[in-house]
Every structure is written in structure tokens, then in C-alpha cells.
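Working notes for the structure below.
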Amino acid sequence: MCDFSFEVQAAGTIVALSTPPGRSGIGVIRISGERALDFTRSLVRDPDFSPEPNRVTLKPIFDPDTLEVVDRAVVTFFKSPHSYTGDDVVELSCHGSPPLLLNILDVLLNLGARTADPGEFTMRAVANGRLNLTQAEAVRDLIEAQTHAAVRQAARQLGGELSKRLQPIKDVLLEIIVPLESSLEFVEDDLPEDIARNIEDNLFALSARIDEMADSFRRGRLLKDGLRVALVGRPNVGKSSLFNGLLSSDRAIVTEIPGTTRDTISEVINIEGIPVLIIDTAGVRPSPDKIEQLGIERTRRAIADADLIVAVLDGSLPLINEDEEIVREASSNHCVVALNKSDLESFCSNNAQRIDDNLPLVSVSAKTGKGLDALCAEIIKPFTAGYLDESSFVITNARHYDLLRRTSEALRAAQGLIQENVSEELILANLYEALRFLGEITGETTPEDILSQIFSTFCIGK
Ligand SMILES: Nc1nc2c(ncn2[C@@H]2O[C@H](COP(=O)(O)OP(=O)(O)OP(=O)(O)O)[C@@H](O)[C@H]2O)c(=O)[nH]1
Ligand SMILES: [Mg+2]
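The number in this note's numbering is simply the position in the sequence shown, starting from 1, with 668 added.
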């Protein structure tokens, strides 16, 4: 069992619905704590019920007031410590009827169970040494993953990959600390030159290794948080049609009337594992119409918040000043120009002649779908260039990134102090700090307020 720095704050037997609220085939209620089995016995009105751990049993569930059977549930018992939380756990797989599940939860609360806080099951798993902190965070990331690539990364972290990669780094750090500590006790003079150079080299190699890990956060953040991309252009150029084409669904209203889209609408699509939020916006033009003006205001906000702007132009018509103005504005951010309506006879790529050559430009037809793959490739290009290695493990969490950076800084500071020949105590202080940052990633040295903050981002029932 790991030695964690915190105790489970609120003891007691906790209960929550672990499946989403709403109608479903099955709804799972999870009970964790000392009295999990007691409460289950009351619920099934069988005081001798002693289920074999890890085996399922079909049991009737009673309403305690009317003594009527309200459901037949599959009961699974996980005996401490061999459960998700490390406590005794019972999972009741009931029929997924919201009033039925609420009723059963109510009965359990009346028996003395307590509603679990967000992430409390996982917090207990960490406190009981069933998971380390990075694995617990991976549980949340797995549930929240928006693409298959994000699922894969979360699953690897849940399997302990991050902590396994950190362990050898901690080991090397300890190998540096131990002789420094002993030199402090036994040697009056400065560190011998050859030992100092050796420590310096090791610290250099170690901080380079940590920097490499931290750098992978660029891709990790993309996989987890994705990109915001706004489709912007004059009315009628085909923004909503492109939006629908990228989504492969008729999500937005398309008509030949300029000014059709009033409000921004957005949906997430998956481009090579990256969740990309595509935002369709109202066409930009001077308009006396109050509703249209409000829509255009929202377009401006979407432009300001976007990671990249697709400036959409109608390639079947000569460009006008407004088109150029839109492209000019968009190019202050990451920008791709989409020259739409390439299926029309009047389409001419020369229409885009006045557009800056340096901007990526793709000819597309929202109508036929031609060029959409190329447009998707251009959208992610500025963010993935040079580091799209599908198989590599990446840092996906800003907390881990920050702590890795701080570890690396502490190691570099120690390196500098060795060069300056200062006392071993000062060098050691930096090395211990680095060790503490690494321990904060996996949970050994994480302050309690940070832990509470982390678990408050989980959903209830997990
Ligand atoms: N032939 C052809 N017509 C297109 C294409 N894309 C859009 N259109 C047509 O152009 C007109 C305007 O399309 P929308 O997608 O509504 O244009 P929009 O830019 O969203 O317009 P607003 O919402 O008014 O700003 C519709 O009649 C579409 O059918 C295309 O690739 N080829
Ligand atoms: Mg539109």
C-alpha cells in the first residue's frame, strides 16, 4: 500500500448513482464503506445474505414502506481491500428508471448512507493505495475523453505509465542525493572535482529528460482540450454549408438568402484524434437589422476566442473589399482561407489572387465535399507540425506539466550551484525540492487543498 499524505476526510458509507441520470437499460448504484453489505441486506430484506465476493447474485429489492418488490437487481459484492475503493463495495445493477433509482438511493440514505461527493470513490481508492494520483486523474480523463486518441492516452496513464516513467527519474535523483548527504557528514572540504562534475552531468541529463516529457504537453493538451475553429466570412459564401459538410450532418440551416445564420452554433469533430470545436458564425456585413447585428457581434467574439479561423470566400465570384478585410483580420491569428463553391463553372482560383500568398489556401466545395479532407489537414497543421507521433506517451495534464517544469528548474538551479562551488546544503535543498515536485505529481507529497481541488473536478459516482 502506498503511503499517502492524507486521510480520507469524511468516513462513513457512501452511495451514488454511477450511471448518468436519465432512462437507460441499466442504472448502477454504488455503495462503498464498512456498512455496504449491511445496507444491502436491508434493501433485499435478507439478513443472512452473504454474497461471494466478485460474483453476481440476482436479488429482489423491496420498498421498506409497502414491502413490495420494486425491482430485481444484480448485486455484486467486492470485499475490502479487493475493490475499486479498497473498502467493501456493493454495486446494484437495477433497471434504469430514474424514479426507481431515486427511490433506492433514498432508502439507502435513510438507512444511514451518505451521498458521495464528486470523485469520492476514486479519492478513497487513492487514500487506500489502490491507485496513485496520476491514475485517479486518468480515470477522470478517460471518462471525459472526446476522441479515441485521448482515450488511449488516459488508458495508458491509468495503467500507471506516467508513474512508471517518473520512478527511474526519482531513483537517479536519490542516487545523487545520497553521496551528497554523506559528503556533508564526513567531508570538511569542498566536493572533489571529479564527483562534482559527475553530479553536474547527471543533473543535466535528468533535466533534459524531464524537459522532453514536459514538452509533450503541447500535443497532450491538444488531445485533451482540442481546438476552437471559427468559420468566418461574408453572408452566403457557404459557411453553414461547410460546417454541415465537416460534421457530415445537416446541423445548420442553409438557404440562398444572405444573413441566414444569426446565432453562432458549434459542434465537435475529430481530426486525427484531436477534438476540434467548429463554430459556424453569422456572415459579417453592415446591417440595420438588430438581430443580425447581435449575431455579428457574436461572430467577433468567436474570432477573438478561436485558436484558428477559417476565412471562407465564394470562389465563384470576384472578391470584394469586405472579403479582403475579413481575411486580413483573420490573418492576425492562425488562419486558413477556404475558397468555396469549386463545383461551380464560374469558380476560378484566380479570384483569390489578391489574397496574401503566404496564407494557406484550400479550394473546397461544401456541396460535393471535395477538398474537405485537405481543409481538415490545414486546420490542425499549425498545431501538430513536427510532433505528431501517434504512439508516444504524452503529458495531458496542466498540473503535471507545471510540476515537471518546476522540477527541471530546481535541477538546473542545483546544477548552477555546483558550478559556483557553494555548500552542499544549498544544492541539496534544490534537489529535495525537485523530489517533492515529482512526488506531488503521483500524490505522495500533494498538499490536501490541491487534492480536494483535483477531486472536485470529478463527476459524482466516480
Ligand atoms: N454550388 C454550391 N453552392 C454552395 C456551396 N456552398 C454553399 N452553397 C450555397 O450557397 C448559399 C449560401 O450557403 P450558406 O451555407 O447558407 O452560406 P453562409 O455563408 O452560411 O451564409 P450566411 O449564414 O447568410 O452568412 C446556399 O444556397 C448554398 O446552397 C458550394 O460549395 N457549392
Ligand atoms: Mg450561415
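The C-beta atom is built at its ideal place from N, Cα and C for all residues, glycine as well. These numbers were taken from a predicted model, which means no experiment stands behind them.
Note that the segment 785 to 794 touches the segment 803 to 821; at least 3 beta-carbon pairs, one per stretch, sit closer than 8 Å.
Per the coordinates, the alpha-carbon of Ala1081 lies some 38 Å from the alpha-carbon of Arg896. Nearest to Thr1036 by C-alpha distance, out of Leu910, Leu1085 and Asn1019, is Leu910. Taking Tyr1069 as the centre and dropping the five residues before and after it, the same chain places the C-beta of Ala882, Phe885 and Ile1063 closer than 6 Å to its C-beta, in chain order. Under the Cβ criterion (8 Å, minimum of three pairs), the segment 1000 to 1007 counts as touching the segment 960 to 977. Residues of the same chain with a CB within less than 6 Å of the CB of Arg703, apart from the 5 flanking positions on each side, are Thr681 in chain order. Counting the other CB atoms within 10 Å of its CB gives Cys762 a total of 16 or more, which places it among the buried residues.
Relative to Gly695, the option among Leu769, Leu841 and Gly901 whose CA is nearest is Leu769. When the beta-carbon positions are compared, Gly787 and Lys1038 stay at least 7 Å from each other. The DSSP-derived three-state label of Arg808 is helix. A buried status is given to Thr815, since no fewer than 16 other beta-carbon atoms sit within 10 Å of its beta-carbon. At least one heavy atom of ligand 2 lies less than 6 Å from the C-beta of Ser908. Of Ile772, Val758 and Glu993, the smallest CA-CA separation from Glu736 is found for Ile772.
In the three-state DSSP reduction, Val840 falls in the helix class (H, G or I).
Here Asn722 carries a coil assignment [DSSP, helix/strand/coil]. The distance from the Cβ of Ala741 to that of Leu760 is about 5 Å, consistent with a contact at the 8 Å cut-off.
With 16 or more other Cβ atoms inside 10 Å of its own Cβ, Glu1108 counts as buried. Closest by C-alpha distance to Leu826, out of Val846, Leu985, Arg798 and Ser1017, is Arg798. The alpha-carbon separation between Ala1102 and Leu1085 amounts to approximately 14 Å. Using a 10 angstroms sphere on the CB of Ala972, the tally of other CB atoms stays under 16, which defines it as exposed. Thr929 has its CB nearer than 6 Å to a heavy atom of ligand 2. In the structure shown, Ile947 falls within a strand segment according to DSSP collapsed to helix, strand and coil. Closest in C-alpha terms to Gln821, from the list Glu861, Glu849 and Asp893, comes Asp893.
In this structure Glu849 is in contact with Leu1096, their Cβ atoms being roughly 7 Å apart against a cut-off of 8 Å. In this structure, Leu891 keeps its C-beta atom at 7 Å or more from the C-beta atom of Ala823.
With respect to Gly983, Asn1019 sits close: the two C-beta atoms are nearer than 7 Å. In the DSSP assignment, Phe746 forms a beta bridge with Val757. Straight across, the Cα-Cα distance linking Ile988 with Lys958 is about 24 Å. Scanning its chain for C-beta atoms nearer than 6 Å, with the 5 sequence neighbours on each side dropped, one finds around Pro1050 the residues His1002, in chain order. Residue range Leu895 to Gly901 is occupied by the beta strand (DSSP E) that includes Gly901.
According to DSSP, residue pairing for Phe730 in a beta bridge involves Val737. Here Thr1075 is buried, its C-beta having at least 16 other C-beta atoms within 10 Å. In the DSSP assignment, Ile1109 is bridged to no other residue.
Taken through DSSP and simplified to helix, strand or coil, Glu935 comes out as strand.
A distance below 7 Å between beta-carbons, with the five flanking residues on each side excluded, links Leu705 to the following residues of its chain, in chain order: Phe745, Asp756 and Val758.
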